[in-house]
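**Student:** Next up is a structure, given as structure tokens.
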Amino acid sequence: MTNGSLQVDISLDTRLLGAILASAKYRFELQPVPLEEINARLRKKLAKQSEELARLRKQEHEQALERELKKARLDPAPSNSPPVCFRTTFASICSMRRVGWAKVPVGLFAVTDDAQIRCLHAGQYIVAMVLQFDPLKRRLAFHLLKNLEFIRRAECAQGDTSLTSILVLEEGDELTLNYTSGVPMSGHFAAIRLGD
């Protein structure tokens, strides 16, 4: 170690073709790197990986939607079996910035006490929401969550906004509508089951 840096010397002697002796010498000087610089590099690398992961998740979500649309086109509901549908209306603002929905008749879905819509019968559904809000208050932004995982986001500056998605739901899956800004005044939620 010299002057705060680590020095490594490597010497290699090699005999070529039995008679020729070749020698190679290498010297490496390793400088200390401040911990802050290492942290900055690691943060930058982690940020890049996080961006790539978000891009891949978005791409996977889009591919899954495309597969579901393709499946729905190839396997439409039989003409003698009309699509099953339910609709409910906005009931209240719950804690945790969650939209509360009115109770629905027993059937394909139920509204839980914590304002989530629970699927009672597995299947492929088109779900749609329309929310109205006071444009003088603030821009409205909300997220659709399936089992508390992000599915889709929508926002609007005035009047009303809608969000539609095709989802494959298993029995017990729960849909939640959270708003991140603005306060909805009224709204509707509808679901149509595709296929049998």
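Residue numbers (our numbering): 1 to 196. Note that the Cβ used here is the ideal one computed from N, Cα and C, for glycine as well.
1) Val127: beta carbon under 6 Å from a heavy atom of the ligand MG?
2) Going by beta carbon distance, what residues of the same chain come within less than 6 Å of Glu68, once the five residues before and after it are set aside?
3) Give me the DSSP bridge partner(s) of His143.
4) Quick one: give me the first and last residue of the beta strand (DSSP E) that Ser11 is part of.
5) Is there a Cβ of chain D sitting closer than 7 Å to that of Arg15, yes or no?
6) Closer than 6 Å by C-beta to Leu17: which residues in its own chain qualify, once you throw out the five before and the five after it? Chain order, please.
7) Give me, in chain order, the residues of the same chain whose beta-carbon lies closer than 6 Å to that of Cys156; leave out the 5 immediate sequence neighbours on both sides.
8) Quick one: residues in its chain with C-beta nearer than 6 Å to the C-beta of Val168, no 5 flanking neighbours on either side, listed in chain order?
9) DSSP beta-bridge partners for Gln198?
10) Evaluate the contact criterion for the region 145 to 156 versus the region 170 to 179: three or more CB pairs, one atom per stretch, below 8 Å.
**Tutor:** From the atom records:
1) Absence of the ligand MG from the depicted structure is noted, as is the absence of any ligand whatsoever, leaving it without description.
2) Position 68 of the sequence shown, counting from 1, holds the residue named residue 68. Cβ within range, chain order: Ile166.
3) Numbered from 1 along the sequence shown, position 143 holds the residue referred to as residue 143. DSSP lists Arg153 and Asn178 as partners of His143.
4) Along the sequence shown, one-based indexing puts residue 11 at 11. Its beta strand (DSSP E) spans residues Leu6 to Leu16.
5) Judged by its chain identifiers, the structure shown contains no chain D, having just a single protein chain.
6) If you number the sequence shown from 1, residue 17 lands on position 17. Same-chain partners within the cutoff: there are none.
7) The residue you call residue 156 lines up with position 156 of the sequence shown. Closer than 6 Å at the Cβ level, and outside the excluded window around Cys156, lie Leu140.
8) Taking the first residue of the sequence shown as position 1, residue 168 is located at position 168. Correct list, in chain order: Gln124.
9) Residue 198 is absent from the model: the chain starts at 1 and stops at 196.
10) yes
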